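Trainee: Sequences listed follow chains A and B, in order.
Using this note's numbering, the letters of the first sequence correspond one by one to residues 1 to 157.
Using this note's numbering, the letters of the second sequence correspond one by one to residues 1001 to 1157.
Think of the CB as a built atom: it goes at the ideal place given N, C-alpha and C, for glycine as much as any other residue.
None of these values were measured; they are calculated from a predicted model.
Pasting a structure here, questions to come.
2 protein chains.
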Amino acid sequence: MNNNATDKDGLNILQRADISKTPQRLAVLNILLKSTTPLNVSCVRELLTGKNRIDRVTVYRILSLFKQRGIIREITSTGGVNFIEMATQENPVHPHFSCRSCGMLSCLEPLTFSQSHQLISAKEDYSVDHIEINISGICSGCRNATMLQKQSGKGEQ
Amino acid sequence: MNNNATDKDGLNILQRADISKTPQRLAVLNILLKSTTPLNVSCVRELLTGKNRIDRVTVYRILSLFKQRGIIREITSTGGVNFIEMATQENPVHPHFSCRSCGMLSCLEPLTFSQSHQLISAKEDYSVDHIEINISGICSGCRNATMLQKQSGKGEQ
DNA sequence: ATTATAGTTGCAACTTAGTTGCATTTTTGT
DNA sequence: ACAAAAATGCAACTAAGTTGCAACTATAAT
């Protein structure tokens, strides 16, 4: 998502969604546009520093509006913390990997049509509006870190 | 999971997991064994009535122990409420459907080996310990309820 | 049977995520 | 520029989950 995002992108998005363009909304949008991974709400807030500082409640209200208008997607992650990512055409719904060690959430490849269809083959009488896939484990970074620790003999406290 | 569960099942489970058999743990276990759908923590607590009443904190501690020993599985659901289900061999990991209208969580068919494998085809350097699939929408019950409402002319609040 | 010990529970207090009501400020349409 | 509508910030709240600690209970050792 970080591919040369500019303030103009944010303005366009708000315009297309028919939402009034306040500095607060633009600030939130820019943070999401610039991020390479999904962010949780406290992360978003921490990145809103200086003159971009926004009240906690306002952040929640902005995000809830964005979600309602389909600008962002919410990702339910283990541990009760919700993450957020841009919901653009170039960024279709996809599974996520959440690292049990560092808490980082990263994106995996989207499912094909037939793959998603297989998942809901039974229960045709249910109306589906979202499929969320969350894979958890240890990311390569943390795995390497643990291995290095073991090598240097510091393992098992 | 409700297929004629008895107190004996609970005792066996605790014994096999090498956990001391307290009345509180047995009570929690029996509730989970009897339930036909995954339950959230407040639900579990509400079902612990009368002489089975247990402190909120104790319930969390018991569930956290059960999870650690692989007796139960936690299901992360949209809305920040975690659900719990028995993790037995007859109840393998499977996707869940959560109804946006009534909040109910129901179980779907487990994935085949090749299906799960496809999901994590990239990122072979990650170690995976759990795949969670959560489909959300409207369950058949709520769908029928809405349709009946529309038919009787009461529609659109 | 008695006592030390480890494990378990309940209570109070806390943290974190998210929400609601309301007064104040900012946008927007004219 | 100005009124109406929308958005923001603040305080206070709810709900989920956690931590520390004292009291209780089961177990094993004497």
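Comparing the C-beta of residue 18 (chain A) with each C-beta of chain B, is any distance below 9 Å?
Mentor: Not one chain B Cβ lies under 9 Å of residue 18 (chain A).
Trainee: Using a Cβ-Cβ cut-off of 9 Å, state whether residue 78 (chain A) counts as contacting chain B.
Mentor: Judged by the 9 Å Cβ criterion, residue 78 (chain A) is in contact with chain B.
Trainee: Cβ of residue 1097 (chain B) less than 9 Å from any chain A Cβ?
Mentor: Yes, residue 1097 (chain B) counts as interfacial toward chain A.
Trainee: Between which two residues does the beta strand (DSSP E) containing residue 98 (chain A) stretch?
Mentor: Start and end: 96-99.
Trainee: Could one say the Cβ of residue 1137 (chain B) lies closer than 9 Å to chain A's Cβ atoms, at least one of them?
Mentor: Chain A contact via Cβ: present.
Trainee: With a threshold of 9 Å between beta carbons, is residue 72 (chain A) in contact with chain B?
Mentor: So no, residue 72 (chain A) is outside the interface.
Trainee: Three or more C-beta pairs under 8 Å: does that hold for the region 88-97 of chain A against the region 132-142 of chain A?
Mentor: Short answer: they touch.
Trainee: Name the one or two DSSP bridge partners that residue 74 (chain A) has.
Mentor: According to DSSP, residue 74 (chain A) bridges with A:84.
Trainee: Give a yes or no on whether the minimum CB-CB distance between residue 1042 (chain B) and chain A is below 9 Å.
Mentor: It does not; no Cβ of chain A falls within 9 Å.
Trainee: Use the C-beta contact count for residue 113 (chain A): other C-beta atoms within 10 angstroms, 16 or more gives buried, fewer gives exposed.
Mentor: That one is exposed.
Trainee: Quick check: the region 16-31 of chain A against the region 59-75 of chain A, are at least 3 beta-carbon pairs closer than 8 Å?
Mentor: The region 59-75 of chain A, when compared against the region 16-31 of chain A, does touch it at the 8 Å Cβ threshold.
Trainee: Assign residue 1139 (chain B) to one of three DSSP states: helix, strand, or coil.
Mentor: The answer is coil: DSSP assigns residue 1139 (chain B) none of H, G, I, E or B.
Trainee: Inspect the CB distances between the region 1008-1015 of chain B and the region 1025-1035 of chain B and report whether three or more fall short of 8 Å.
Mentor: Touching, yes.
Trainee: Do you know whose CA, among B:1140, B:1137, B:1090, B:1125, lies nearest residue 145 (chain A)'s CA?
Mentor: Per the Cα distances, B:1125.
Trainee: Could you give the distance in angstroms between the alpha-carbon of residue 1103 (chain B) and the alpha-carbon of residue 1008 (chain B)?
Mentor: Near 32 Å, if we compare the C-alpha coordinates of residue 1008 (chain B) and residue 1103 (chain B).
Trainee: Would residue 39 (chain A) pass as a contact of residue 84 (chain A) if the rule is Cβ separation under 9 Å?
Mentor: Yes.
Trainee: Output the distance between the C-alpha atoms of residue 1046 (chain B) and residue 141 (chain A), rounded to the nearest integer angstrom.
Mentor: Cα to Cα, the separation comes out at about 42 Å.
Trainee: What runs of the alpha helix (DSSP H), each 4 residues or longer, lie entirely inside the region 1010-1045 of chain B?
Mentor: Runs found: 1023-1034.
Trainee: Please name the residue, chosen from A:82, A:77, A:76, that lies closest to residue 44 (chain A) on a Cα-to-Cα basis.
Mentor: It is A:82 whose Cα lies nearest to the Cα of residue 44 (chain A).
Trainee: With a Cβ-Cβ cutoff of 9 Å, do residue 136 (chain A) and residue 1128 (chain B) count as a contact?
Mentor: Yes, the pair counts as a contact, with Cβ atoms nearer than the cut-off.
Trainee: How many angstroms separate the CA atom of residue 50 (chain A) from the CA atom of residue 118 (chain A)?
Mentor: So the two alpha carbons sit approximately 48 Å from each other.
Trainee: So, is residue 148 (chain A) buried or exposed, given that buried needs 16 or more other C-beta atoms within 10 angstroms?
Mentor: Exposed.
Trainee: Run through the DSSP bridge pairs and tell me what residue 144 (chain A) is partnered with.
Mentor: DSSP, once it has assigned bridges, lists no residue as partnering residue 144 (chain A).
Trainee: Rounded to the nearest angstrom, how far is the Cβ of residue 105 (chain A) from that of residue 77 (chain A), given a contact under 8 Å?
Mentor: Contact holds; Cβ gap of about 6 Å.
Trainee: Given this structure, state the Cα-to-Cα distance separating residue 143 (chain A) from residue 1143 (chain B), to the nearest angstrom.
Mentor: Whole-angstrom Cα-Cα distance: 46 Å.
Trainee: Could you spell out where the beta strand (DSSP E) holding residue 1105 (chain B) opens and where it closes?
Mentor: Residues 1105-1107.
Trainee: Measuring only the C-alpha atoms, how far is residue 1025 (chain B) from residue 1060 (chain B)?
Mentor: Distance between the alpha carbons of residue 1025 (chain B) and residue 1060 (chain B) is about 11 Å.
Trainee: In chain order, what residues of the region 43-54 of chain A put their CB closer than 8 Å to some CB of chain B?
Mentor: Per Cβ criterion, the list is empty.
Trainee: If you draw a straight line from the alpha carbon of residue 100 (chain A) to that of residue 62 (chain A), how long is it in whole angstroms?
Mentor: So the alpha carbons of these two residues sit roughly 29 Å apart.
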